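In short: position in the sequence shown from 1, add 25, done, that's our numbering. Just so it is clear, CB atoms sit at the ideal spot from N, CA and C, and this is done for glycine as well. Treat the numbers as computed from the prediction; the structure is a model and nothing was measured.
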Amino acid sequence: MHESGEDYLESVLRISRQKGNVRAIDIVRDLGVSKPSVSVAVHSLEDGGYLKIDGYQITLTDAGREIAERVIERHELFHRFLVSLGVDDAVAEKDACRIEHTLSVESFQAMKDFIEKHMAEDAGQV
26 MHESGEDYLE
36 SVLRISRQKG
46 NVRAIDIVRD
56 LGVSKPSVSV
66 AVHSLEDGGY
76 LKIDGYQITL
86 TDAGREIAER
96 VIERHELFHR
106 FLVSLGVDDA
116 VAEKDACRIE
126 HTLSVESFQA
136 MKDFIEKHMA
146 EDAGQV
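Here is the structure:
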């Protein structure tokens, strides 16, 4: 799965959580890409078994949801961590988008464990 495919799946999950239903135009607005780009991407993701398209309605398959949830978990963790370090929110948002796609499962889990432990300690929760 390429970074752009993960971004589309993440967008579909985020929109479905906010609105319930997802249409191509919602993805266009969320990602700031063209309608033709969305059309090509969602059909490719449908062919790969990650999305279902029924008329104008776009939904995640179980495989697509699994990837989207993983990417969102990574994004949220990195965003929170960077902000906790004093990084500007907008910068942290952009950097979290970059980092979320590049780490191995092993490295992410080690960082997650470390971040959660130390953020809990800093909050006096240990």
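Arg99 sits buried, since 16 or more C-beta atoms from the chains shown fall within 10 Å of its C-beta.
Where Asp114 is concerned, there is no enclosing beta strand (DSSP E), although the alpha helix (DSSP H) around it starts and stops at 114-124. Taking the Cα of Val96 as reference, the smallest distance to any Cα among Ala121, Ile83, Val112, Ser109 is reached at Ala121.
Residue environment: Ser129 is assigned as exposed (fewer than 16 neighbouring CB atoms within 10 Å of its CB, all protein chains considered). By the Cβ rule, the segment 82-89 counts as touching the segment 60-74, because three or more pairs are nearer than 8 angstroms. For the 7 angstroms CB-CB criterion, Phe106 and Ile78 do not form a contact. Residue burial annotation: Val47 is buried, with at least 16 other C-beta atoms found within 10 angstroms of its C-beta. For Leu85, the three-state secondary structure derived from DSSP is strand. Here the C-alpha atom of Ala66 lies approximately 28 angstroms from the C-alpha atom of Ser132. Exclusion of the five residues before and after Glu125 leaves Val96, Arg99, His100, Phe103 as the residues of its chain whose Cβ lies within less than 7 angstroms of its Cβ. Annotation: Lys142 to Met136 spans about 10 angstroms, alpha carbon to alpha carbon. In terms of Cα proximity to Ser59, the closest of Gln43, Tyr33, Lys44 is Tyr33. Only residues of its own chain outside the window of five on either side were considered, and among them Ala49, Ile52, Val53 have a CB closer than 7 angstroms to the CB of Val63, listed in chain order.
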